[in-house]
Amino acid sequence: MKKNLTIPQLIITRASIVIGIIIIIFPILAIFSIAFRRPDSIYQAYLFFIPKHFSLQNFILAKDLFGEYLGLSMARMFFNSILVTVISIAIALVITALSSFSFSNYMFKGREFLFILLISGMMIPYQIVIIPLYLQLNKMQLLNSYFALIFTYVTFNIPIAILIFRRFFEEIPKELRDAARIDGASDIRYFLRIVIPLSKPAIATVIIFLFLNFWNEFLFARIFIRDYELQTIPVVISRIGLGGTRALIPWGTYTAAIVIVIVPIMIVFFALQKWFIRGITMGALKG
Amino acid sequence: MKKVFLIFLVLLFSVSMVFAGIGCKGQTAETTAAETTAAETTAAETTAAETTAAETTAAAESVTIKMWDYQTAEAWNSAYNEIIAEFQKTYPNVTIERLAQTHEGGEELVKSSLLAGDYPDLVPIEPGFAESTVEAGYIIDLEPIIKADPEWFSWVEGYISDPGIPYKGKGIWRISADTYHIVVFYFKDIVKQYGGIDPARTITDYEENDKLFKAEGILTLGNTYQGNYQAANSFGVFVTQQVGNSKDAWEMFRQAANGEISWQNDIFKTALEGVVRLYALGSDDAISLAYDESVARLLGKKAVYNMYLGSWMLGDIEKQLASDVEAGNVGVLLYPAITDEIKTLFYGGGIGAHYSISSKPEGYKKEIVLKWAKFINSPQASAIFLKNSIMPAGAPVDNPGEIVSPFFTEYLNVVNNGQMTPQYNISLVNSNPEVGDTFLTGFAELFSGMTIDEYLANMDNVCGFKG
Amino acid sequence: MKTIKNNLSYYYWHIPALIFFLVFLIYPLIFGIIISFFNWDGLNPNIFKNFAGISNYIKLFQDKLFWLSLRNTVYFTLGTVILQNFLGFFLAVFIFLSRIKQGSLIRSIIFLPGILSGVLVALIWRQLLMDDGAINLLLNFLGIPTIQFLANKYLAIWTVTLVNIWQFTGFNLVILYAGLQSINLELLESSSLDGANFWQNIFHIIFPILKPTIWLTVLFNFIGGFRVFDIIWNMTKGGPAHATEVLTTFVYLNSFGGVQSTNRMGYASAIATILMIVVLVFTILRTKYIRGDQ
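Protein chains in written order, with the numbering used here: chain X, 620 to 906; chain S, 12 to 478; chain B, 27 to 320.
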């Protein structure tokens, strides 16, 4: 195909791509660069990116923020996010897979109505439910606990998960089910023994979508969890940034904190990039 | 099989609900103590010697008091640490947990906590939602308690006439730890270095200095305009300067806010011109700065004049700009005079960190909470505040000169040359949210191109002034 | 008899999901909508003290700030929809057509910002856009005077929009690229042999094939645009002077309040309800339109 592109066309396409990459990477590089500079020469760098004085001081300062000032340790912060995310994903997978199975396998009265009802949850802006949910969770004594987030996160991501699962399940040939029935297997067994193992791509897709939504969620996490010890990453980071517990934290320090938080997720992303990309694509196109 | 599965699911769900208890820091467990006779009578029992009072209360089980405020300056932490330690000498069974947050995050927290019914014992209630808070019954009126305790009354007498204290003109609904003044902090050495006017007394002086600084690429005025209270404060001060006293100035504001007189009068106009002139000396991004960022400009010595900061910053300035303070580089000014003719300079001020008392504590805990609230205004606490360069609102101290730092003394000298005027911006926001919002956000509009006439006409519109 | 029994069991599968949905979404949603018909200050435990009828809605339509928020939301959403699809489309096409070996790595890199939390993106960009931040440093270096990206009241909303585009163009790119996979390369080749040039190929062959996929990304972008909160709130809190106030931040402002303001929770609920209706209406319209198309 290359020979079909003339030189100017080649330049345009390649240049556009390169410019796009530069624009995307520039802020990330800038942040990394700032984080690695010595605090007193935070503005000085060669070629914009290479620190004049390389130093890990900012990271030490950032690490010191955790503990007494922020009210929780760095490990605890990661633990909170991981716990909430993992449990939410687990619960969401189970309940949406079950529901989607029924959607894809059976015909029953009100099926499409129920489906649309569940899917339309996607369009609800958080702002309209946040206060009532707050009051409700308060009454249920769930405020300020992991469950406030877990239940909320699961609920609001039911639509997207069902969307993905249903489409995928529908692709499974009906012959498999008939064969199972003939063998005397109940539908539940069919579901567990055949459908689920076949659905690994869909499960991966759902996990990826949900992971992104849960890990990065900010609004609910901020309002529902008050105890510093239980806060998730986005909330802690926003406290370090602006409107924190005390007067301004130096730029270098909180850039380092940002780096600390970004690196794990970047590693996960690049390691699993194929799955991420495939997942997003599948989820969207089939949805 | 299906039934089993179904039951399993229901169980799964129920189990998760049960786990609702884990990690849940719900309502603070009130330690209900056996009511002692001492607790049942009013705080009249808790006269002077706290030690004897402590010995008479039968229950000495541990109590935790929670208090929140907006004083994030470091000096406040050291002051309170010491005051708490002092209090604990008399009441070792009491733990006091204090949380300081900036307004941006803290107000939401207060409101959502009130709503959830899970709020601290000493809670800062801003004027904007004081009415709702009182009517919902979340806080108590301290008037009967304080009036029955002559000592306590004498300690707070000085500030309970501040407009923020009563609700609908009655009662004592909050106590205050400090009085604040809003001033201008500036760096004398920079002014001297470039031959600027020192001390700068009028806006024209500032503008002259600005010419010098701009040429050197130095920022003349570094302060935040986000939220626009600083512009509102400047406005208030400039009006008061022209009117001559704060009582009449306040009356003028009140009438304008109620649509009784027009906003488009010369006094307001001149005042606004002053505000705009000052704004021009600041950085272009001032309008989007957060409070923290503006403090950083001062503490980082990034701007020559720093407005809308005040007494609550003193301790931090002394600590973080220690070498400059020692070298006498940090100066204090009152807000500039709008014209040469103005003789008396005013400064915005009033009661500072304030706390309302929660209606939740009962019995022994309530008694202790009140004792703590009283202690904050005691002479011992006042002394500790002074030591940390905070102006206490409560009981005066003998020989303050011995405690107060030289910088603080200099500060007080400057402040005492002027007169205090309560901040009208707050009252305006109080009276009517729409008026207040137009008033405040209007400043940002002013700085982005709206003319003064348009702004004033807008205000007339919103306040319902009919020609 | 057997069919009836089977019918019931079909419903069982939905029970857990439904329980969550009803308890944590439907019930609060209805509650929230009901609140919009009352004047509640957001603090009083008795929520239903003051019945307001539709007065909140009437107030809303007369509120200058509401229209400003709506306008900003539209700017933001339109900007996002148009630019993200434009950039996503061309990047996808270019990557596809130029047969770069590291194509998937490039897509991953461009997608990277999409995995970051809105909070992080907002804080990162806020730092970069300040007067003394990296962007202005670069501009100054090139001789361009400092631009107040976040403080200029006309520029702010577009700045925020661009940051959002920075974050999510990769999302569009990935989806559109996948849509490209279904393109028959031979079709392109033969078209080239027939004399069509590069751009004609793109517009007359590729673009029509991608149209349905583009509709999909448009829908996602639209819903996302109206629901945006994290990124704007953490960058500017809706300021300065409401220059970046969008519907969601406006609701937030009225519920938890700006500084020192009284709560207007009922009013906030009304705004949120309107927001929801707008999104719903658009989605229904779009779905109908697509169905009609096909």
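Note that CB positions come from ideal geometry on N, CA and C, so glycine has one too.
Taking Cβ to Cβ, would you say residue i is nearer than 7 Å to residue j?
{"i": "S/Y191", "j": "S/S322", "result": "yes"}
{"i": "S/S370", "j": "S/Y149", "result": "yes"}
{"i": "S/A111", "j": "S/I401", "result": "no"}
{"i": "B/L117", "j": "B/L199", "result": "yes"}
{"i": "X/A654", "j": "X/T874", "result": "yes"}
{"i": "B/L242", "j": "B/F115", "result": "no"}
{"i": "S/G180", "j": "S/F476", "result": "no"}
{"i": "X/I827", "j": "X/G898", "result": "yes"}
{"i": "S/I395", "j": "S/I94", "result": "yes"}
{"i": "S/F418", "j": "S/V286", "result": "no"}
{"i": "X/S700", "j": "X/I852", "result": "yes"}
{"i": "B/L155", "j": "X/G860", "result": "no"}
{"i": "S/Y290", "j": "S/Y197", "result": "no"}
{"i": "X/A711", "j": "X/N776", "result": "yes"}
{"i": "X/F727", "j": "B/N33", "result": "yes"}
Going by DSSP, what residues sit across from residue i in a beta bridge?
{"i": "S/L357", "result": "Residue 357 of chain S is actually Phe in this sequence, not Leu. Paired residue(s): S/Q430."}
{"i": "S/I186", "result": "S/Y366"}
{"i": "S/R75", "result": "With the sequence shown as reference, residue 75 of chain S is identified as Thr, and Arg is not the correct amino acid for it. Beta-bridge pairing links S/T75 to S/T106."}
{"i": "S/R212", "result": "Partner(s): none; S/R212 has no beta bridge."}
{"i": "S/L230", "result": "S/A314"}
{"i": "S/Y178", "result": "S/K181"}
{"i": "S/Y191", "result": "S/G361"}
{"i": "X/R656", "result": "X/F673"}
{"i": "S/G475", "result": "BP columns for S/G475 are empty, so no partner."}
{"i": "S/I150", "result": "S/S369"}
Output the boundary residues of the alpha helix (DSSP H) element that contains residue i.
{"i": "B/L117", "result": "K90 to S124"}
{"i": "S/I488", "result": "Shown here, chain S extends from 12 to 478; a query on residue 488 of chain S therefore has no answer."}
{"i": "S/A159", "result": "From DSSP, S/A159 is part of no alpha helix (DSSP H); its letter is neither H nor E."}
{"i": "X/L754", "result": "Y745 to K758"}
{"i": "B/Q153", "result": "G144 to L155"}
{"i": "S/I204", "result": "Looking at the sequence provided, one finds Gln at residue 204 of chain S rather than Ile. Its alpha helix (DSSP H) spans residues K199 to Q204."}
{"i": "B/F74", "result": "Element bounds for B/F74: n/a, residue is neither H nor E."}
{"i": "S/M263", "result": "S257 to A268"}
{"i": "S/K122", "result": "H114 to A127"}
{"i": "B/G68", "result": "B/G68 -> no alpha helix (DSSP H), and no H or E assigned at all."}
{"i": "B/G58", "result": "Y53 to I61"}
{"i": "S/Y337", "result": "Reading off the sequence, residue 337 of chain S comes out as Glu, not Tyr. Taken as a continuous stretch (DSSP letters only), the alpha helix (DSSP H) holding S/E337 covers A333 to E337."}
{"i": "B/D256", "result": "D256 to T262"}
Can you tell me where the beta strand (DSSP E) with residue i in it begins and where it stops?
{"i": "X/F685", "result": "That residue, X/F685, is in no beta strand (DSSP E); it is neither H nor E in DSSP."}
{"i": "S/T106", "result": "V105 to A111"}
{"i": "B/V200", "result": "Here B/V200 belongs to no beta strand (DSSP E); instead the alpha helix (DSSP H) covers A182 to L206."}
{"i": "S/A301", "result": "No beta strand (DSSP E) contains S/A301, which DSSP labels as neither H nor E."}
{"i": "S/L344", "result": "V341 to L344"}
Which residues, taken in chain order from the stretch 830-847 of chain X, show a beta carbon closer than 8 Å to some beta carbon of chain S? Within the stretch 830-847 of chain X, contact with chain S at the beta-carbon level (separation under 8 Å) is assigned to I842, R845 and D846.
The stretch 118-146 of chain B: which residues have C-beta closer than 9 Å to a C-beta of chain X, in chain order? Result list: V119, F120, I121, L123, S124, R125, I126, S130, L131, I132, R133, S134, I135, I136, F137, L138, P139, G140, I141, L142, S143, G144, V145 and L146.
Relative to chain X, which residues along the stretch 174-186 of chain B have a C-beta separation below 9 Å, given in chain order? In summary, no residue of the stretch 174-186 of chain B has a CB separated from any CB of chain X by less than 9 Å.
So, do the stretch 293-309 of chain B and the stretch 54-63 of chain B have three or more beta carbon pairs nearer to each other than 8 Å? Enough Cβ pairs lie closer than 8 Å, so yes.
Going along the chain, which residues of the stretch 111-144 of chain S sit with their C-beta nearer than 9 Å to a C-beta in chain X? Residues of the stretch 111-144 of chain S with a C-beta less than 9 Å from any C-beta of chain X: A111, Q112, T113, H114, E115, G116, G117, E119, L120, S123, S124, L126, A127, G128 and D129, listed in chain order.
Taking contact to mean 3 or more Cβ pairs, one atom from each stretch, closer than 8 Å, check whether the stretch 83-93 of chain B and the stretch 777-791 of chain X are in contact. Contact fails: fewer than three Cβ-Cβ distances are below 8 Å.
Which residues, in order along the stretch 450-473 of chain S, keep a beta-carbon less than 7 Å from a beta-carbon of chain B? Cβ contacts with chain B come from T452, A455, E456 and S459.
Check whether the stretch 177-193 of chain B touches the stretch 253-273 of chain B, taking contact to mean three or more Cβ pairs, one atom from each stretch, closer than 8 Å. By the C-beta criterion, the stretch 177-193 of chain B is judged to be in contact with the stretch 253-273 of chain B, since at least 3 inter-stretch pairs fall below 8 Å.
Stretch pair the stretch 766-773 of chain X + the stretch 824-840 of chain X: three plus CB contacts closer than 8 Å: Yes, the stretch 766-773 of chain X is in contact with the stretch 824-840 of chain X.
Using a Cβ-Cβ cut-off of less than 7 Å, give me the residues of the stretch 250-275 of chain B that come near chain S, in sequence order. Answer in chain order: T262, G265, P266, A267 and H268.
Given a limit of 7 Å on CB to CB distance, which residues of the stretch 67-78 of chain B reach chain S? The residues in question are D67, G68, L69, N70 and P71.
Should the stretch 231-250 of chain S be regarded as contacting the stretch 404-418 of chain S, the criterion being three or more beta carbon pairs within less than 8 Å? Not touching, per the Cβ criterion.
Does the stretch 875-885 of chain X come within contact of the stretch 805-817 of chain X, defined as at least 3 CB pairs closer than 8 Å? Inter-segment contact for the stretch 875-885 of chain X and the stretch 805-817 of chain X is absent: fewer than three beta-carbon pairs are separated by less than 8 Å.
Can you list, in chain order, the residues of the stretch 291-303 of chain S whose Cβ is nearer than 7 Å to any Cβ on chain B? Result list: S294, D295, D296, I298 and S299.
Cβ contact (3+ pairs, closer than 8 Å) linking the stretch 385-392 of chain S and the stretch 160-167 of chain S: Yes, they touch.
Counting pairs of Cβ atoms below 8 Å between the stretch 450-466 of chain S and the stretch 240-259 of chain S, do you hit three or more? With the cut-off at 8 Å, the stretch 450-466 of chain S and the stretch 240-259 of chain S touch.
The stretch 76-87 of chain S in contact with the stretch 129-144 of chain S per 3-pair CB rule at 8 Å: A contact exists between the stretch 76-87 of chain S and the stretch 129-144 of chain S.
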